[in-house]
Amino acid sequence: MKFEEKDRYGFEDLVEIMKLLRSPEGCPWDREQDHKSIRKNFIEETYEVVEAIDNNDSELLKEELGDVLLQVVFHAQLESENGGFNIDDVCDGICKKLVVRHPHVFGDKSADSSASALTNWDNVKMKTKSQKKQSEAMDSVSKALPSLMRSTKIQQKAAKVGFDWDDVSGAMSKLDEEVAELKDAVKNQDYDNQAEELGDVLFSVVNVSRFLNIDSEEALYRSCDKFTDRFKKLEKLADEQGVDIKTATLDKLDSLWEEVK
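Positions 0 to 260 (numbering that gives the first Met the number 0) are the ones given, in order, by the sequence shown.
Here's what the structure looks like:
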């Protein structure tokens with residue numbers, strides 16, 4: 000195999016390495032992969048980038064961005080082998096998209112704020128995707144997104160055409176209404192209706208978070224961390240008091256929980 004080791008590599012080297020890994024002389028595992036088999040790898044690597052960002056770890060961020068870049072090159076190589084696009088087509092596509100969707104930079108439009116720049120972006124996006132109705136823009140929101148994030152994007156698109164509450168009080172009232180309907184569904188022991196109403200409650204919670212300018216995904220992320228941290232402290236306190244949390248009563252566990260809080 001012809002390969003030259005270097006002190007420092009660039010993007011083109013990554014592309015060539017991927018080709019070699021996929022070649023008959025390359026790696027058996029890499030040769031066996033297709034788009035679907037490495038789909039979860041892309042998701043995992045993306046979340047690891049997010050974790051590096053959350054931890055303000057620049058060195059880890061560099062590493063994890065490399066892992067994401069590898070996934071991009073991997074998928075492009077798979078397509079190239081099948082007679083589809085290659086990595087240059089990927090770069091060409093995103094460059095053209097950036098130029099077209101920034102008419103205030105590369106065209107004759109103006110934007111004196113982030114809001115107006117986003118308006119330009121959305122208008123061009125709908126035009127280039129031949130979307131005439133806002134529901135078509137909603138349909139374009141990826142269904143693979145985490146549902147809280149997808150809910151936010153769908154609500155934002157509805158708000159752009161005026162389908163929205165005047166302020167957070169309207170969203171809060173709607174949340175109260177949905178919670179009441181969920182309680183009725185629970186009382187009636189109707190599983191299908193319970194699932195539907197629970198979904199409506201979650202959707203309404205996202206609506207409230209949007210009015211408060213709080214990212215619901217991040218808020219839930221922080222709550223998970225808070226719960227985990229408190230549970231660790233509860234376990235520690237239980238050990239100190241000689242309490243077996245597996246056999247303790249709920250009242251006792253609630254008492255420990257309140258102490259931890």
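C-beta: ideal position from N, C-alpha, C; glycine also.
No experiment lies behind these values; they were computed from the predicted model shown.
In the displayed model, K108 falls within coil according to three-state DSSP, outside both helix and strand.
Note on geometry: alpha-carbon atoms of E43 and D66 lie some 10 Å from one another. For secondary structure counted as the alpha helix (DSSP H) over 4 or more consecutive residues, the region 207–248 holds these complete runs in sequence order: 215–239. Residue environment analysis places I213 among the exposed positions, since fewer than 16 neighbouring C-beta atoms fall within 10 angstroms of its C-beta. Closest in C-alpha terms to L60, from the list Q70, V49, E24, comes V49. In the DSSP assignment, D56 falls outside any alpha helix (DSSP H) and carries neither an H nor an E. By the C-beta density criterion, S215 is buried, having at least 16 other C-beta atoms within 10 angstroms.
Taking L201 as reference, the option from P23, D191, D175 with the minimal CA-CA separation is D175. Each residue's CA atom was taken as its position, placing L236 and A157 some 48 Å apart. When DSSP states are grouped into helix, strand and coil, G161 belongs to the coil group.
For E4, no alpha helix (DSSP H) run applies, since DSSP gives it neither H nor E. Look at the beta carbons and you see the region 65–85 touching the region 26–40: at least three pairs across the two are nearer than 8 Å. Within the region 168–212, the alpha helix (DSSP H) runs of at least 4 residues that lie entirely inside it are, in chain order, 190–210.
Under the DSSP assignment, G25 falls outside any alpha helix (DSSP H); it carries neither an H nor an E label. Taking C-beta atoms under 8 Å as the contact rule, V167 and F226 fail to qualify, at a distance of about 25 Å.
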